[in-house]
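Numbering (this note's numbering), first residue to last: 1144 to 2119.
Just so you know, even glycine gets a beta-carbon here, dropped at the ideal spot from N, CA and C.
As the structure is a computational prediction, the values presented were derived from the model and not from experiment.
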Amino acid sequence: MNRPTFPGLDNILFLVLTMFVGLGYPLLHAVERPTQDHSPTFTRMPLHQFLYYSEDPSRAATLEEITSLAEKDWQENPGKDVALNKKFSRSVYWLRFDLRGLLKNHAEDLVFSSAYPLGDKMDFYVKQKDGSFISVVAGDRVVDNGARLIKGRLPALLVKASEDEGLFFIRFDTQGTYLFNFRLESPESFRATESQDLIIFGIFVGVCLAMILYNLFIFLTFNNSTYLVYIVAIFCLMMNSLGFSGMFNVFFPFNFYLANEGYVVAAGVSNIASIVFCFMFLDMRLKSKFGYTFGLVIAVCVLTIALTHISYTHGAALVSVVGIINPIVLLTAGLQSCFKKFRPAYFYSLAWLMLLLGSVGTGLQVYNIVKPNFISEWGQFFGVMLESILISMALGDKIKYFQAKSKREIKLQNEIISSLNRNLESQVKEQTRDITSILENINQGLVVLYEHGGRVLIHKAYSKALEKQIEHDDLSEKDVFPLIFERSSLNLEQISILKSTIEMSLGAPEIQYTINSHLLVRELEIQVSSQLKIFEIDWAPMLSESGLVQKILLTIRDVTNLRALQTESRQKDVEIAKIIEITSVERKHFASFLEISEHYLKEVFDVIDNHEVHAEGLKAAYRNLHTMKGLARNYKLHKLSEKVHLTENLMQSLLTEKKDDRNLALFREAIVGLEADLKSYTDLAIKKLGIRFHDSVVEVSVEKLKKWYVLSRNLFRANEVSNVHPIALVSTQSKWVKQQIEHESRSKDYEGLLYEIRQTYALTLRDILAESILTSKKIAKDCQKKAPDFQIDDGDLFLSQECVHVLKAAFVHLVSNSIDHGIESDDVRKLNNKRAQGTISIRLAKSVADERVYHIEYFDDGQGLSLKKIEEMALQKGICEKDHHLCAEDLAQLIFLPDFSTKQSVTQISGRGIGLNAVKTYLEEKGARIQLTLSELVLTGLRESSNLALNYQTDSVDSRCPFKFLITLPQSFIDV
């Protein structure tokens, strides 16, 4: 778009001439001239040397009092060649001019005028021949009156020569400065001066209005507020100058505000507008070093405007000072911009310099520092005219400056664009070659999809790797669904959803694609030749300029080998974890666990493979799984324990839900997986670790072999000594004692050797409990309790290998039951004056009544058995009636029933009601039995009650009684 050009200097001059012709000529005829027409015989004469004055502080003196003053009471003008200036004063001054000697021989009328138009009120008294006075009032705060008063911008009085007038008294009263500048001249000279003044004012007003119109035109063209601010500044400067010159007395003789406060206010507003304009024109920052100065000057100007309406004297004084300071500040700011080589600042600085010179010249005249002359009298007006012209030129130059700068930038940008255009074709060709090379060599399938004719087509630019991946040539402009998705493992419904999603996204806003992106498939399986390949897919929308999805970029990666490696890696990780678990268990314990687990799983298979699945069979299978989980947890076979726990949960749902073919099939599938998992442990132990599992093989450490060797050698040597002929052993007392000692030593060595050998194939009670003791720490931690102490007394008895798995399974449940049910939390134990750490006591001993029977006593120092809860649970399950007659011992035995638990919630540790039932079942299958016995103190208290459990109450609602488990073992469990 072409921007409007800035009007040149010829336009400005044309506007100036137009305003001069339009306004200057009428002003020449605005003032009524005297009717007399005499030839100019008396030129202008200053009356400074004829001035005498008297100050009237009281402001109450009358004409009679003044005319009666003695000569000595009148003061003579100290500077006879300059006007008397009393500046700002609160007094009234009486002036006396005695011009009778001057006018004695003068026959024509003259004009007595005041060259200072800012007097508020001047009372002229002209003495006549008969001693009377002619009174005339003039000033800018009164309506001029008097027959001889000449209308014009300056107060002027016509002096009649025929009346022999020559003595003048003037009462001068003003709130501004007191400048007594009076002169005498012929009417022709006065009219010539008035005409000259009007011409100057016409030129001044014409130039100012021309500049206002010029800047208004620029403002309307560029809509820049800088020009509007400067229009305000020019207009207020013009109003101030017209008010200062007295022109408002001519045009508005009855409006006293414009001639007084108005022109002071105009000066203040002009200063504010000039500062704002400077700030905008020079592009200055608020926090620059001139910003604070500008702010101070603006504050003073605002104070001046307010003060003028309170005290005109102080307001006028302050505005005269600011009128000198403000151009200096503005000029300084302009010079700084000149040093920074800001070209429009040259005109700007020159403009304020002209205004400053004109204002200083006028101010020096007002304060009586220089004599009145044309420059000092009209300097301010010419300064304002030159300032307005130069500032307008500066504004125009700023437009040209930025236009030139913009042209240079545009030219530079055009050169850059031209350079880019010259290289664009080669760059496009090079990039096309690069893209083609990438598509031909990248090892991924890249394809762009777009919609055409209701089909989703492949763009002609696609990677060659895609052809190899899907084994299809020339994919350009082909429908993507038959080529890729319909050949995949996706079903018809998935393909339909995918197609609808792509069609809805193409041509729609990106948000539509984002909302439906979860429906896009991320992985596919495609049968290619004889191989099933796995592809990973990424989708990315390609947007148009309006933000619509124009195309979709599809990235297809063949991850078949990667998935195989990942699967293999996961299998390796599982194998390593299982190997770590296997190596943490002793061989004989691990072999025993495998044997037990295989036996349990075989029984479970027998149950589910039966044509008629009974509830009792399922409960037996449930017990096996529960025990197998406990053993796996004991041996820290965590992965197998988790697998058994999941199968156990499935078994629980099978017990509670309908036993249909589908549920049985799911359970059998889980058991098959569990069997395969158990077999993987066996295979890893044999193939990876070289562990042998055989009943006739035992592990013997090198240290034990060395110990056995020493014992055997000692026994052999002892036998050699004992076979010496008796004659050689002639008995003496000392020799006999020595033989006895050696005999005892041999017996001990022999017994030690037997004990050591026996340990390799037989187990102590502590051996069987070793894993349960270790597992108790984890169970206690899960229950947020301290691990219990174990007090074990094996009675120097060895247990046979055939009872190992049964006793281990039993102790798994008993130890878990003690920690979870019996032993209280730390806080409860402390309240009951118990150690925070509980104790589990286990003792193996021969029965006193029958030497062929052995007992294991198992008990803990926990909270005991709650007969009340047992009875409540029995009543709830319908095991007994409310009026039952079960004794305490019989009631306690109910905890061995299946699905019987006093715990409210089920955890991985307990709560299913299967543990103690499994213990009882396993022991009875091997000829052993278990029962719960109450302490004698409890039994004594219960026997005295008719309703046993419900009446067993001491000091609490739920009292508990101590008990112990008594396991009776057949002789086959003991290695004798």
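Which of helix, strand or coil does DSSP assign to GLN1574? To locate residue 1574, count along the sequence shown from 1; it is residue 431. Reduced to three states, the DSSP call for GLN1574 is helix.
Are three or more beta carbon pairs between the segment 1968-1979 and the segment 1937-1948 nearer than 8 Å? no
Kindly give me the distance between the Cβ atoms of ARG1187 and THR1336, rounded to whole angstroms, as I take these residues to be in contact under 8 Å. Here residue 1187 corresponds to residue number 44 of the sequence shown, with the count starting at 1. Here residue 1336 corresponds to residue number 193 of the sequence shown, with the count starting at 1. With a Cβ gap of about 7 Å, ARG1187 and THR1336 count as contacting.
Please look up how many angstroms separate the CB atoms of ASP1266 and SER1278, rounded, as I've assumed it's under 8 Å. By one-based count along the sequence shown, residue 1266 stands at place 123. By one-based count along the sequence shown, residue 1278 stands at place 135. Confirmed, Cβ separation roughly 7 Å.
Per DSSP, the bridge partner or partners of GLU1328: As a working note, residue 1328 is residue 185 in the sequence shown. Beta-bridge pairing links GLU1328 to VAL1254.
Taking the alpha-carbon of VAL1702 as reference, which of GLN1674, ASP1993 and TYR1195 has the nearest alpha-carbon? Translated into the one-based positions of the sequence shown, residue 1702 becomes position 559. Comparing Cα-Cα distances from VAL1702 to each of GLN1674, ASP1993 and TYR1195, the minimum goes to GLN1674.
Cβ atoms of TYR1268 and PHE1312: under 8 Å apart, would you say? Translated into positions along the sequence shown, residue 1312 becomes position 169. Translated into positions along the sequence shown, residue 1268 becomes position 125. Result yes, Cβ atoms of PHE1312 and TYR1268 sit closer than 8 Å.
Secondary structure, alpha helix (DSSP H): runs of 4+ residues fully inside the segment 1359-1415: 1368-1388 and 1390-1394
Look at the alpha carbon of GLN1655 and the alpha carbon of HIS1602, and state the distance between them as a whole number of angstroms. Along the sequence shown, read from residue 1 onward, the residue named residue 1655 stands at position 512. Along the sequence shown, read from residue 1 onward, the residue named residue 1602 stands at position 459. Near 22 Å, if we compare the C-alpha coordinates of HIS1602 and GLN1655.
Mind checking ASN1767: buried by the 16 CB within 10 Å criterion, or exposed? On the sequence shown, position 624 is the one that residue 1767 refers to. ASN1767 should be labelled buried.
Ignore the nearest five residues each way along the sequence and tell me which others in LEU1950's own chain have a CB closer than 6 Å to its CB. Here residue 1950 corresponds to residue number 807 of the sequence shown, with the count starting at 1. Cβ within range, chain order: ILE1911.
Is the beta carbon of ALA1608 sitting closer than 8 Å to the one on VAL1591? Within the sequence shown, numbered from 1, the residue matching residue 1608 stands at position 465. Within the sequence shown, numbered from 1, the residue matching residue 1591 stands at position 448. Their beta carbons are not under 8 Å apart, which means ALA1608 does not touch VAL1591 by this criterion.
Taking ALA1923 as the reference, give the member of ILE1962, LEU1896 and THR1903 with the closest Cα. Working through the sequence shown from its first residue, we reach residue 1923 at position 780. Comparing Cα positions, the closest option is ILE1962.
Check whether the Cβ atoms of PHE2043 and LEU2075 sit closer than 8 Å, and answer yes or no. The residue given as residue 2043 occupies position 900 in the sequence shown. The residue given as residue 2075 occupies position 932 in the sequence shown. In this structure, LEU2075 does not lie closer than 8 Å to PHE2043 by Cβ.
Would ALA1905 and ASP2118 qualify as a contact pair, given that the criterion is a beta-carbon distance under 8 Å? Looking up residue 1905 in the sequence shown gives position 762. Looking up residue 2118 in the sequence shown gives position 975. For ALA1905 and ASP2118, yes; Cβs fall inside 8 Å.
Please report the straight-line C-alpha distance between ILE2073 and ALA1764, rounded to a whole angstrom. As a first step, residue 2073 is located in the sequence shown; it is residue number 930 there, counting from the start. As a first step, residue 1764 is located in the sequence shown; it is residue number 621 there, counting from the start. If you take the alpha carbons of ILE2073 and ALA1764, they lie about 21 Å apart.
Would you kindly work out how many angstroms separate the C-alpha atoms of SER1984 and ILE1722, rounded to a whole number? Counted from its first residue, the sequence shown places residue 1984 at position 841. Counted from its first residue, the sequence shown places residue 1722 at position 579. For SER1984 and ILE1722, the distance between alpha carbons rounds to 34 Å.
Rounded straight-line distance, which links the Cα of PHE1347 to that of GLU1530: Reading the sequence shown from its first residue, position 387 is the one you call residue 1530. Reading the sequence shown from its first residue, position 204 is the one you call residue 1347. One C-alpha to the other measures close to 12 Å.
Using only CA atoms, which one of VAL1503, ASN1469, ASP1752 and THR1770 lies nearest to TYR2065? As a working note, residue 2065 is residue 922 in the sequence shown. It is THR1770.
Nearest-angstrom beta carbon gap, ARG1202 and LEU1310 [assumed within contact, 8 Å]: On the sequence shown, residue 1310 is found 167 positions in, with the first residue counted as 1. On the sequence shown, residue 1202 is found 59 positions in, with the first residue counted as 1. Not a contact, Cβ separation roughly 23 Å.
Do you know whose CA, among GLY1588, VAL1302, PHE1391 and LEU1538, lies nearest HIS1249's CA? Within the sequence shown, numbered from 1, the residue matching residue 1249 stands at position 106. If we check each option's Cα against that of HIS1249, VAL1302 comes out closest.
Can you name, in chain order, every residue of its own chain whose Cβ lies under 7 Å from the Cβ of ARG1176, other than the five neighbours on each side? As a position in the sequence shown, residue 1176 is number 33, starting the count at 1. Caution applies to ARG1176, whose pLDDT of 39 falls short of 50 and renders its modelled position unreliable; the value that the coordinates give is listed next. Cβ within range, chain order: ARG1334.
Who are the near neighbours of THR2045 in its chain, counting only those whose CB is closer than 7 Å to its CB and skipping five residues on each side? Counted from its first residue, the sequence shown places residue 2045 at position 902. Cβ within range, chain order: SER2009, LYS2012, ILE2013 and MET2016.
Contact under 8 Å by Cβ, TRP1682 with LEU1662: Mapped onto the sequence shown, residue 1682 falls at position 539. Mapped onto the sequence shown, residue 1662 falls at position 519. Not in contact: TRP1682 and LEU1662 (Cβ atoms no closer than 8 Å).
Simplified DSSP assignment, three categories, for PRO1470: Position 327 of the sequence shown holds residue 1470. DSSP places PRO1470 in helix when its eight states are reduced to three.
Segment limits, beta strand (DSSP E) that includes ASN1228: On the sequence shown, residue 1228 is found 85 positions in, with the first residue counted as 1. It spans 1227-1231 - the beta strand (DSSP E) in which ASN1228 sits, taken as one unbroken run.
Residues bridged to PRO1652 by DSSP? Numbered from 1 along the sequence shown, position 509 holds the residue referred to as residue 1652. PRO1652 is bridged to LEU1691.
For LEU1589 and SER1631, which I take to be in contact (beta-carbon distance under 8 Å), what is that distance rounded to the nearest angstrom? Stepping through the sequence shown from its first residue, residue 1589 is reached at position 446. Stepping through the sequence shown from its first residue, residue 1631 is reached at position 488. Not confirmed; about 18 Å, so no contact.
Report the residue ranges of all alpha helix (DSSP H) runs contained in full by the segment 1604-1636; include only those spanning at least 4 residues, in chain order. 1608-1613 and 1623-1626
Note down the Cα distance separating ALA1734 from ASP2033, rounded to an integer number of angstroms. Here residue 1734 corresponds to residue number 591 of the sequence shown, with the count starting at 1. Here residue 2033 corresponds to residue number 890 of the sequence shown, with the count starting at 1. Cα-Cα distance, rounded: 38 Å.
Nearest-angstrom beta carbon gap, VAL1599 and GLU2145 [assumed within contact, 8 Å]: Residue 2145 lies beyond the residue range present for the chain, which begins at 1144 and ends at 2119; the question has no answer from this structure.
Roughly how many angstroms lie between the CA atoms of VAL1375 and MET1528, to the nearest whole one? The residue given as residue 1375 occupies position 232 in the sequence shown. The residue given as residue 1528 occupies position 385 in the sequence shown. Distance between the alpha carbons of VAL1375 and MET1528 is about 15 Å.
Run through the DSSP bridge pairs and tell me what ASP1199 is partnered with. Taking the sequence shown and counting its residues from 1, one reaches residue 1199 at position 56. Answer by DSSP bridge pairing, in chain order: VAL1235.
Put CYS1946 into one of helix, strand or coil per three-state DSSP. Numbered from its first residue, the sequence shown carries residue 1946 at position 803. Note: CYS1946 maps to helix in three-state DSSP.
Could you give the first and the last residue of the continuous alpha helix (DSSP H) run that contains GLU2014? Numbered from 1 along the sequence shown, position 871 holds the residue referred to as residue 2014. Where GLU2014 is concerned, the enclosing alpha helix (DSSP H) stretches over 2010-2020.
Is HIS1998 helix, strand or coil by DSSP? In the sequence shown, residue 1998 corresponds to position 855, counting from 1. Looking at HIS1998 - three-state DSSP - the assignment turns out to be strand.
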